[in-house]
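Undergrad: Residue 106 in the UniProt record's numbering sits at position 106 of the sequence shown; the count goes up by one each step and never skips.
Ideal placement from N, C-alpha and C gives every residue a C-beta, glycine not left out.
Values in this document were obtained by computation on a predicted structure and should not be read as measured data.
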Amino acid sequence: MFLSPFSVSLVLNYENILGHRSFKLVFAMSQRHYKVSARRWFTLDAVEIEYDGQKATFNGSRNVYAPAEYSYRCQSVTNFRYPLLVARTSKDPANQWRVSFTDFQVGCVYCVFV
């Protein structure tokens, strides 16, 4: 049985990055079935940067999505020039960051719950 929707996260932990003792990069994704297309789709719901007790959250769900059996690939995913990632709110610490991923590819393939 496929339960829809559900979420997964890819978490990358680093130390001593850009002057921050702790630095975490989180890619939060979800997947759901859409009856109209008769297929599952995944979205990159958010990219989070957690550093020294703060969190910057970028919304990616409007622009980064693909059928679940495929991955999403883009030459450039940024929050500035032609942004695909947008700060969640005007007061979010994400507004202080410039994020750029080059040759970006992500997917949420065959994540199945029984």
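(1) Can you tell me whether DSSP reads A56 as helix, strand or coil?
(2) Going by the CB atoms, is the gap between R40 and Q54 shorter than 8 Å?
(3) What's the C-alpha gap between P93 and H20?
(4) Assuming E48 is part of the beta strand (DSSP E), what are its boundary residues?
(5) Apart from the five residues on each side of it in sequence, which residues of its chain come closer than 8 Å, Cβ to Cβ, to V36?
(6) Just the C-alpha distance for S9 and V47, rounded to the nearest angstrom, thanks.
(7) Taking 8 Å as the cut-off, decide whether the C-beta atoms of A66 and F104 are in contact.
(8) Between residue 115 and R98, what straight-line distance do the alpha-carbon atoms span, to the nearest angstrom?
(9) Measure the CB-CB distance between V106 and L25 and report whether it falls below 8 Å.
(10) For L84 and Y70, what's the separation of their Cα atoms in angstroms?
(11) Beta carbon of V64, beta carbon of V77: below 8 Å?
TA: So, from the data block:
(1) strand
(2) no
(3) 15 Å
(4) 39-51
(5) none
(6) 10 Å
(7) no
(8) Because the chain here runs from 1 to 114, residue 115 falls outside it and cannot be looked at.
(9) no
(10) 19 Å
(11) yes
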